[in-house]
Amino acid sequence: MAEIAFYGFSALAIGAALTILFTRNVMYAALCLFIALLGVAALYVLAGADFLAITQLLIYVGGVLVLLIFGVMLTHRAERESSQKANIVLTTHLNRFWGALIALSIFGLLFWLISHANFLIIQSPELSESSARHSTLKQVGVNLMTSHVWAFEVAGILLLVALVGAAYLAFQRENEK
Amino acid sequence: MQPIVPIHYFLIVAAVLFSIGLAVIITKRNTIAVLIGIELILNAVNLNLVAFSQYDPVRLAGQMFALFVIVVAAAESAVALAIILKVYRHFQTTDLDKISSMKK
Chain U
1 MAEIAFYGFS ALAIGAALTI LFTRNVMYAA LCLFIALLGV AALYVLAGAD FLAITQLLIY
61 VGGVLVLLIF GVMLTHRAER ESSQKANIVL TTHLNRFWGA LIALSIFGLL FWLISHANFL
121 IIQSPELSES SARHSTLKQV GVNLMTSHVW AFEVAGILLL VALVGAAYLA FQRENEK
Chain Z
1001 MQPIVPIHYF LIVAAVLFSI GLAVIITKRN TIAVLIGIEL ILNAVNLNLV AFSQYDPVRL
1061 AGQMFALFVI VVAAAESAVA LAIILKVYRH FQTTDLDKIS SMKK
């Protein structure tokens, strides 16, 4: 049952990613990114990371995707030939050959590595307990406040700086235009 | 209790997503499409981290790493979109091949 779900959600994610690759419409690419992120979030759940799946949905779908769609809208010059025609945001494809070559060769390398790798995973005694699969929420919270508190604070400062910087950059000053 | 799905499957799905994101970055000429490719790559890397983290259910180091990667990705996309807006105001285009001068 879990394997069927795994195959289904990975097919969803990979299919959406392929649609991003082959479509020329930027808006479709953004919406397919949404589907791909949903698939990846479901894969997180299958890997036992429930908190991370919810975070992925909240941040990517609620934040990043809305930002991307705003970016598409704000940086598109509408060609007003007729108001009946849909305004389609198209992108051009270049370097098709080199893109396919580099991507396929890197995938081949990774596939060869993964299929030949012999992961020696040390069985921790906790893994064999029946209580191994409960929510990770508590452990993540404890980690954030104890062992990872330094990274947590730095992430907070980074978010603040990014917010201020993005607002400063995007602000339209009087002397421009 | 063993993890349900073998780790190789996760790694191969992540490798596929990574390669597709790389191809998107190389072929697309719109800056926002390139940003979408970067998000795909970051997700593929996170999938690797989470997949290895299921063998470490006590410390969850991989999931913590993935959490911080998500935070940095959100900050990165916000700043990148602000830069794209600025570039669009200056050059009136977001086509990467037409943005070829540092100062007009």
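Quick mapping for you: the protein sequence lines, in order, are chains U and Z.
Numbering-wise (the numbering used here), the first sequence opens with residue 1 and increments by one.
Numbering-wise (the numbering used here), the second sequence opens with residue 1001 and increments by one.
Glycine included, each C-beta is placed from N, C-alpha and C at the ideal position.
| Check | Outcome |
| --- | --- |
| Check each residue of the region 1075–1091 of chain Z: if its Cβ is closer than 8 Å to any Cβ of chain U, include it; give the result in chain order. | 1075, 1076, 1077, 1078, 1079, 1081, 1082, 1083, 1084, 1085, 1086, 1088 and 1089 |
| Pick from 1010(Z), 1019(Z), 1026(Z) and 1007(Z): whose alpha carbon is nearest that of residue 97(U)? | 1026(Z) |
| Compute the Euclidean distance between the alpha carbons of residue 52(U) and residue 1059(Z), then round it to the nearest angstrom. | 15 Å |
| Please tell me whether residue 1045(Z) has its Cβ less than 7 Å away from any Cβ of chain U. | no |
| I'd like to know if the region 1008–1015 of chain Z and the region 149–165 of chain U are in contact, where contact means that at least 3 CB-CB pairs between them fall below 8 Å. | no |
| Counting only runs that start and end within the region 1017–1100 of chain Z, where is the alpha helix (DSSP H) found for 4 or more residues in a row? | 1031–1053 and 1061–1091 |
| Buried or exposed: which applies to residue 1077(Z), given that a residue is buried once 16 or more other Cβ atoms fall within 10 Å of its Cβ? | buried |
| Leaving out five residues before and five after residue 130(U) in sequence, what residues of the same chain have Cβ atoms less than 7 Å from its Cβ? | Note on residue 130(U): pLDDT 43, under 50, position unreliable in the model; the coordinate value appears next. For residue 130(U), where only same-chain residues beyond five positions count, there are no Cβ hits under 7 Å. |
| Decide yes or no for the touch test of the region 104–113 of chain U against the region 47–66 of chain U: beta carbon pairs closer than 8 Å, at least 3 of them. | no |
| I'd like to know whether the C-beta of residue 1024(Z) is nearer than 7 Å to at least one C-beta of chain U. | yes |
| If we call anything under 7 Å between Cβ atoms a contact, is residue 37(U) one with residue 7(U)? | no |
| Check whether chain U comes within 7 Å of residue 1048(Z), counting only Cβ atoms and requiring the distance to be less than that. | no |
| My output table needs one value for residue 94(U): the three-state DSSP class, helix, strand or coil. | coil |
| Let me know the secondary structure DSSP gives residue 25(U) once reduced to three states. | strand |
| Tell me the rounded alpha-carbon separation between residue 15(U) and residue 1017(Z). | 10 Å |
| So, is the C-beta of residue 44(U) closer than 7 Å to a C-beta in chain Z? | yes |
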